[in-house]
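*Asks:*
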Amino acid sequence: MTATIIDGKAIAEQVILKVKDRVSVLNEQGILPGLTVILVGDDPASQTYVGSKERTSTRLGMKSDVISRPSSLTEDELLALIDDLNQDHSVHGILVQLPLPKHMDEHKILQAIDPRKDVDGFHPLNVGKLLLGQQGFIPCTPFGIIQLLDYSAIEIEGKHAVIVGRSNIVGKPMGQLLLNRHATVTYTHSRTPDLAEFTKQADILIVATGQPSMITGEHIKPGAAVIDVGIHRNSDGRLSGDVDFASAKEVAGALTPVPGGVGPMTIAMLMENTCLSAERALRT
Ligand code: GUN
Numbered sequence: 044m045t046a047t048i049i050d051g052k053a054i055a056e057q058v059i060l061k062v063k064d065r066v067s068v069l070n071e072q073g074i075l076p077g078l079t080v081i082l083v084g085d086d087p088a089s090q091t092y093v094g095s096k097e098r099t100s101t102r103l104g105m106k107s108d109v110i111s112r113p114s115s116l117t118e119d120e121l122l123a124l125i126d127d128l129n130q131d132h133s134v135h136g137i138l139v140q141l142p143l144p145k146h147m148d149e150h151k152i153l154q155a156i157d158p159r160k161d162v163d164g165f166h167p168l169n170v171g172k173l174l175l176g177q178q179g180f181i182p183c184t185p186f187g188i189i190q191l192l193d194y195s196a197i198e199i200e201g202k203h204a205v206i207v208g209r210s211n212i213v214g215k216p217m218g219q220l221l222l223n224r225h226a227t228v229t230y231t232h233s234r235t236p237d238l239a240e241f242t243k244q245a246d247i248l249i250v251a252t253g254q255p256s257m258i259t260g261e262h263i264k265p266g267a268a269v270i271d272v273g274i275h276r277n278s279d280g281r282l283s284g285d286v287d288f289a290s291a292k293e294v295a296g297a298l299t300p301v302p303g304g305v306g307p308m309t310i311a312m313l314m315e316n317t318c319l320s321a322e323r324a325l326r327t
């Protein structure tokens, strides 16, 4: 079997076009959805992500600001900055790029963001709402993965979804979203013995381990949908994921590439969440 390649770039473009229409409606009412990204330090990968978020939001007719600060910024200074943005009515979305420098308490910082502007969905209130199936903000990467599955007409209800990785950004919310869509969900992680025994049972396999090419064709059930969240730069400069693409595509039924799979969706969903925040602000 050769897998159907899920074109995340094309699907992200479709999502973005729909957001663009919603932004136009807001613009007609005098609202300019505003996203502010805070970048602390000079991590090159973070700088790349932030650059593409800024380009996309500008293209959509949103107000886009990036606040860059050196890694010497204190926690109190960052909290003060967040407080200013919480009060600023022209800002609908606040995103603090992770990881933060080690001297900062990530939980404390994320908790300081007004949950109504928490377009990352990382505030405990939004995490709780996701758990309860209430409307809040859904973290962008897992939200994007659900869109990839839906646009590709991959059924979720009643399927066995296996998640490899249990981060707060991807693995944990991913399982919750799939559960809310009536999948049977298994979480696996770095301390799961005999990982393949679990992954081979997956109809939908989500891989977010941060380990290059950790999942190969031997871990995959024939015909499964495999979503690769990883992104790594190889020594030859090329990008690859947590899944060994060459062997996986011979076994999987559908597979996301790296690049051009999950990555563009994360940005598209950030735009959607920012637009949603502006729509909600108009209603209250
Ligand atoms: N770093 C890696 N992924 C993310 C994300 O989705 N949001 C934020 N804020 N930081 C990240």
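The sequence shown stops at residue 327 when you use the working numbering, and every number in between is there. Cβ atoms here follow ideal geometry from the backbone N, Cα and C, with glycine treated the same way. Treat the numbers as computed from the prediction; the structure is a model and nothing was measured.
Within 10 angstroms of its Cβ, does Asn169 collect 16 or more other Cβ (buried), or is it exposed?
*Replies:* Asn169 comes out buried.
*Asks:* So for Leu173, helix, strand or coil by DSSP?
*Replies:* The answer is helix: DSSP assigns Leu173 an H, G or I state.
*Asks:* Which residue marks the beginning of the alpha helix (DSSP H) containing Ala196, and which one marks its end?
*Replies:* From DSSP, Ala196 is part of no alpha helix (DSSP H); its letter is neither H nor E.
*Asks:* Does any heavy atom of the ligand GUN sit closer than 7 Å to the C-beta of Leu7?
*Replies:* Only positions 44 to 327 of the chain appear in the structure, and residue 7 is not among them; the question remains open.
*Asks:* Taking 7 Å as the cut-off, is the CB of Met148 close to at least one heavy atom of the ligand GUN?
*Replies:* Here the sequence assigns Asp to residue 148, which means Met is not the residue at that position. No, the Cβ of Asp148 stays beyond 7 Å of every heavy atom of the ligand GUN.
*Asks:* Does the ligand GUN have even one heavy atom less than 7 Å from the beta-carbon of Ile206?
*Replies:* Checking the Cβ of Ile206 against the ligand GUN gives no.
*Asks:* Could you please give the first and the last residue of the uninterrupted alpha helix (DSSP H) stretch that includes Ser89?
*Replies:* Segment 87-102, the alpha helix (DSSP H) holding Ser89.
*Asks:* Less than 8 Å between the C-beta atoms of Ile270 and Leu238, yes or no?
*Replies:* No, they are not a contact pair.
*Asks:* Let me know the secondary structure DSSP gives Ile310 once reduced to three states.
*Replies:* Ile310 falls in the helix class under three-state DSSP.
*Asks:* Since Ile137 contacts Ile125 with CB under 8 Å, what's their CB separation in whole angstroms?
*Replies:* The pair is a contact, with the Cβ atoms about 7 Å apart (cut-off 8 Å).
*Asks:* Name the residue from Ala291, Gly164, Ile81 whose alpha carbon lies nearest to the alpha carbon of Leu116.
*Replies:* Comparing Cα positions, the closest option is Ile81.
*Asks:* Applying the 10 Å Cβ sphere with the 16-neighbour rule, what's the burial state of Ser278?
*Replies:* So Ser278 ends up on the exposed side.
*Asks:* Closer than 8 Å is the cut-off here; do at least three beta carbon pairs connect the segment 253-270 with the segment 222-229?
*Replies:* Touching, no, given that fewer than three Cβ pairs across the two stretches are closer than 8 Å.
*Asks:* Considering only the alpha carbon of each residue, which of Pro144, Glu71, Gly164, Asp85 lies closest to Leu309?
*Replies:* This sequence places Thr at residue 309; Leu is not what is there. With distances taken between Cα atoms, Thr309 lies closest to Gly164.
*Asks:* Below 7 Å, is the gap between the Cβ of Thr99 and the nearest heavy atom of the ligand GUN?
*Replies:* Every heavy atom of the ligand GUN is 7 Å or more from the Cβ of Thr99, so no.
*Asks:* Considering only the alpha carbon of each residue, which of Gly77, Asp50, Ala53, Arg98 lies closest to Asn316?
*Replies:* Cα-wise, what sits closest to Asn316 is Gly77.
*Asks:* Sorted by chain position, which residues of the same chain lie with C-beta nearer than 7 Å to Leu128's C-beta, five sequence neighbours on each side aside?
*Replies:* Closer than 7 Å at the Cβ level, and outside the excluded window around Leu128, lie Thr79, Val134, Ile137.
*Asks:* For Pro144, I'd like the list of residues in its chain whose CB is within less than 8 Å of its CB, leaving aside the five on either flank, ordered along the chain.
*Replies:* Correct list, in chain order: Val83, Gly84, Ser114, Leu116.
*Asks:* Pick helix, strand or coil for Arg234, following the three-state DSSP scheme.
*Replies:* Looking at Arg234 - three-state DSSP - the assignment turns out to be coil, as it is neither helix nor strand.
*Asks:* Can you check which of these residues, Glu293, Ile274, Glu118, is closest to Gly266 by C-alpha distance?
*Replies:* It is Glu293.
*Asks:* For my contact list, Val213 and Thr231 are in at a C-beta cut-off of 8 Å; report their separation, rounded to the angstrom.
*Replies:* In fact, because the Cβ distance is near 13 Å, the residues do not count as touching under 8 Å.
*Asks:* Check each candidate in Ala324, Glu118, Ile274, Glu71 and name the one with the smallest Cα separation from Asp148.
*Replies:* Out of Ala324, Glu118, Ile274, Glu71, Glu118 has the C-alpha closest to the C-alpha of Asp148.
*Asks:* Under the DSSP definition of a beta bridge, which residues are partnered with Thr79?
*Replies:* Looking at the DSSP assignment, Thr79 forms a beta bridge with Asp108, Ile137.
*Asks:* Looking at the structure shown, is Ser256 part of a helix, part of a strand, or coil, going by DSSP?
*Replies:* Coil, per DSSP.
*Asks:* Does DSSP put Val305 in a helix, a strand or coil?
*Replies:* Here Val305 sits in helix by DSSP.
*Asks:* If you draw a straight line from the alpha carbon of Leu282 to that of Lys52, how long is it in whole angstroms?
*Replies:* Distance between the alpha carbons of Leu282 and Lys52: 15 Å.
*Asks:* Using 8 Å for Cβ pairs, my map puts Gly284 next to Gly296. What's the rounded Cβ distance?
*Replies:* No, Gly284 and Gly296 are not in contact; Cβ-Cβ is about 17 Å, not under 8 Å.
*Asks:* Do you know how far the Cα of Val301 is from the Cα of Ile48?
*Replies:* Using only the alpha carbons, I get a separation of about 11 Å.
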